[in-house]
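What follows is a single structure, written as structure tokens, with notes after it.
Residue numbers (my numbering), protein chains in the order written: chain W, 15 to 443; chain D, 660 to 1167; chain B, 89 to 248.
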């Protein structure tokens, strides 16, 4: 039986973060990372580039020598089938066993695949979450002219835009009444939609796909509204949910996401979680939920790894952050972009030309979320304001109207923390 | 630009820009404090209002690509030796405003500079010179009353001790001090720079008549506090923490009138330090309203001495005017320990131009006649004399001492050391170099870290040069040069002038 | 770790730091050519902010915990052995994650042209190799930028 001090299930960004976290405190122990994907550590967020034609190597997140340098053993293309938590071991496909002292589960999320009539026996139906999906879509490019994308969230709009640029006829079907419901507010959704429409993408809002027509080859989709869209391929991009497959039939607390405490520990000793699979604190409202976002996965990894190696390093919580770079005008957003109730104050500035839009969502004088379109330099300052909960009542107008957001209106004491020799730039400084 | 009085078009300076080199960094737009430089973001050009340019050259100095030159406006009528262009412009200005023309810095007019007509001796053959790098050269100077005699006594254990009680002395490692510039006419950064440099150099600085700001109390041990006619900031603490007190009777730049700080330069901090209302003009009265005779002066001198328990010397600063010798004699007899003689070239932050340019006499002559008069009366030892007003280089210091001074005060040189370009707009409070302004946006341009270093280097450089000149004269102690007129000769002066200076013409 | 310390009390908003930064990161190393021929005008890593009497030049703080590194999806941002947080523009894919993450606004998007990438201060790593101070520090005429040790110890940089 293979044995390793630390075993990480998954080799993506949360796993890399975990490795970084462990190695900061423990340079000697053995680390093993296991992934069913053969590509190893790659950037899922760059899959659209692969479809556009870049090489698989382009997607590499950390170079091949990275794992060697870090003293990490990698087992790729091997699937974990069972967790035997009592005996501190895992069972791999093919029968091999792996023993661990400390285990990290960063198994990520699975795409939400709704059951659609007619989907069973058809080819050219894809999801878009992993490399294998991108690879299949790329291989299939010559086989379709029109495609329907289900879901106008972040992933859906990105794949729609990418395929549109590859001269495919793209239609997007969305259940909600606007695009990018989670990431943006109604006005910015409108701007994003018009930017995409200008490129030739069609949208069907407040609608859903009821049936996929055709035999083995798709002829089109039937919408709830009754419309019929002819197409040869369908891509579902409705979102990912935490992957609870391995946790079923184990005592691990998994309820629409792996439950972890502030040190990324599950309810089982020596078993930790990080990345898309966990439910972690959302600092905008203090609730725990699954936030499948790249920077959060990495940070959770570092926190988990540090704690696995013996440090006591609490997770500060995450917040939703989104960056749409592929449109003509960049769109960045973070935090609560559409207020859930009347206790929030919403400030908006729109130059009416589609080149500069900003909205700030405040509660009790503190920033809770923002969307900025076009003028994005310095947007991180707003993200920092959400995290630091500084009262911005006096400066909110400048944050709304100034194109480039800077630190000059922040309180002097706040700037001194990083301007002077003090250097409070650590995670919890 | 029309739509205003036409004579504005005859402005003195043009801002010349090499547009290829100009990278539109906008540094000059930010640096200009006279509203002469602007950026048009529609056309992406930087344009200038030449009529607002005062020639401070700040933009020229800080342009990273050397794209700017401030040049004199060549457009002017033919040269008239009587109606100089400045007089013509002043006439236009007064016709338009009807008010006094106020200006800053010192007299810039063409009067004879006696320093430039005095030459120093050097040793040759019979009297060998001294190499200052090989032999110790003493620049140390003591300012204060020197007694008539020294009585010694033998103690019980056989050692000899001094019986005479000496008057309080200031010890200067070099005979150069930083002259009075008030907080208000200049800012705290520059005052702090002078204070720090003075401490480093082992000399003294002067607070001027604007009071002593709390922030500078750590440097007060080497500070001379000024008691001027407005009595700004004078309190018991003020006198207690300082090294000496200086009663300012007059000032070389504007003899006969008092200090002037325009209201626009009086902010909250200055108002507090001076103990006056914010925004009000701080005009010191012409005389001290409690000094109308020499006896009154004596009363004030001893009042200060009583308050400071006779532990600190009292300076009296007088402007060099016609009967300076008699005045100095009276001041010495009134009990002053040090007399500061301020010549007509002295600088100021604000003064009517007519007074600055036409009142007073040169410091060289003033020192010479004061020194002679006090010696003749046998009381030269009772006071030290400090010369100020137009001391521009180390040679001037040597010459001033040779004429009879104990030490000198410098101010304009100190400002030049930190960037001043003598644009003479100190009174506006918009000094682009951050010296004569308390606008926080401008005052930050003087970083005491840098400025105190520059002042230190200036005085160190001068001191070294002085040692060289002394060595060349075969003198190894500045004391031996004091009043030593025989080491000077005049060149190009009339017989009468040489006689007044007490210096022989060259060749004799 | 030595970093650029910002003494905001003495910044005079002369913009020399911006010009120096652009010049030092240009091919020609000459400010006029960098601005006019290489079109690097808005490519300064250090940016001056001015409001009334307050001014300072801000560049990457090379944080002990770099939020930009967390957000970088292509691994273009790495922490080097000497502590510098380095953004390799060749690997940048222009996702603007770092722009969104940096609480100091020190990562800047280059939105001009077709090839959109982010850029930020690299602590003049090329100059440091030659024993020179960062360009902005050298160019500042009023000691508002200093290159000096910070008081707290650096994060443990893993020995590779």
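Glycine included, C-beta positions come from ideal geometry on N, C-alpha and C.
Taking the C-beta atoms as reference points, residue 1001 of chain D is found no nearer than 8 Å to residue 984 of chain D. Nearest neighbour of residue 709 of chain D by Cα position, chosen from D/727, D/674 and D/703, turns out to be D/674. Taking all protein chains in view, the Cβ of residue 270 of chain W is surrounded by fewer than 16 other Cβ atoms within 10 Å, so the residue is classified as exposed. In the DSSP assignment, residue 196 of chain B forms a beta bridge with B/207. Excluding residues up to 5 positions away in sequence, 161 lie with their Cβ nearer than 6 Å to the Cβ of residue 182 of chain W in the same chain. One alpha carbon belongs to residue 77 of chain W, the other to residue 103 of chain W, and they sit about 29 Å apart.
Under the Cβ criterion of 8 Å, residue 724 of chain D is counted among the residues facing chain B. For residue 94 of chain W, the closest of W/140, W/123, W/22 and W/81 by C-alpha to C-alpha distance is W/22.
For residue 685 of chain D, the chain B residues whose Cβ falls inside 8 Å of its Cβ are 103, in order along the chain. In terms of CA proximity to residue 253 of chain W, W/164 leads the group W/235, W/164, W/412 and W/404. The Cβ atoms of residue 329 of chain W and residue 278 of chain W lie closer than 8 Å to each other. For the region 170-193 of chain B, the set of residues with a beta-carbon nearer than 7 Å to any beta-carbon of chain W comprises 181, 182, 183, 184, 185, 187, 188, 189, 190, 191, 192 and 193, in chain order.
For the pair residue 233 of chain B and residue 120 of chain B, the CB atoms are not nearer than the 8 Å cut-off.
Close CB contacts of residue 88 of chain W within its chain, under the 6 Å cut and outside five residues either way in sequence, are with 47 and 81 (chain order).
Contact between residue 726 of chain D and residue 677 of chain D holds, since their C-beta atoms are separated by about 5 Å, short of 8 Å.
Within chain B, the residues whose beta carbon sits less than 7 Å from that of residue 393 of chain W are 187 and 188, listed in sequence order.
A residue is called buried once 16 or more other Cβ atoms fall within 10 Å of its Cβ, and residue 367 of chain W, having fewer, is exposed. Apart from sequence neighbours up to five positions away, the residues of its chain that approach residue 98 of chain B with a beta-carbon distance below 7 Å are 230, 231 and 232, ordered along the chain. For residue 230 of chain B, the residues of chain D that pass the 8 Å Cβ criterion are 1103, 1104, 1106 and 1109, in the order they occur in the chain. The region 1084-1100 of chain D makes contact with the region 920-927 of chain D; the number of CB pairs closer than 8 Å reaches 3 or more. Per DSSP, the unbroken alpha helix (DSSP H) holding residue 1121 of chain D starts and ends at 1107-1132. Cβ atoms of residue 974 of chain D and residue 934 of chain D stay farther apart than 8 Å, at about 22 Å. Rounded to the nearest whole angstrom, the C-alpha separation of residue 869 of chain D and residue 380 of chain W is 45 Å. When CB distances to chain B are screened at a threshold of 7 Å, not a single residue of the region 801-822 of chain D falls below it. Going by DSSP, residue 707 of chain D is part of the beta strand (DSSP E) stretching over 704-707.
Under the three-state reduction of DSSP output, residue 389 of chain W falls in the coil class, being neither helix nor strand. Put simply, the CB of residue 1100 of chain D is near chain B, with a gap under 8 Å to one of its CB atoms.
Here residue 1033 of chain D is not near residue 1073 of chain D, since their CB atoms are 8 Å or more apart.
Our two residues, residue 133 of chain W and residue 119 of chain W, have alpha carbons roughly 32 Å apart in a direct line. Neighbours of residue 97 of chain B across chain D, judged by C-beta separation under 7 Å: 1103.
By the criterion of at least three beta-carbon pairs nearer than 8 Å, the region 408-428 of chain W is in contact with the region 355-363 of chain W. When only Cα atoms are considered, residue 443 of chain W and residue 273 of chain W end up about 27 Å apart. For residue 123 of chain B, a Cβ of chain D is located within less than 8 Å of the residue's own Cβ. Among the residues of chain B, those whose CB is under 9 Å from the CB of residue 680 of chain D are 119 and 120, following chain order. In this structure, residue 898 of chain D keeps its C-beta atom at 8 Å or more from the C-beta atom of residue 863 of chain D. With contacts defined as CB atoms closer than 8 Å, residue 75 of chain W and residue 153 of chain B fail to qualify as a contacting pair.
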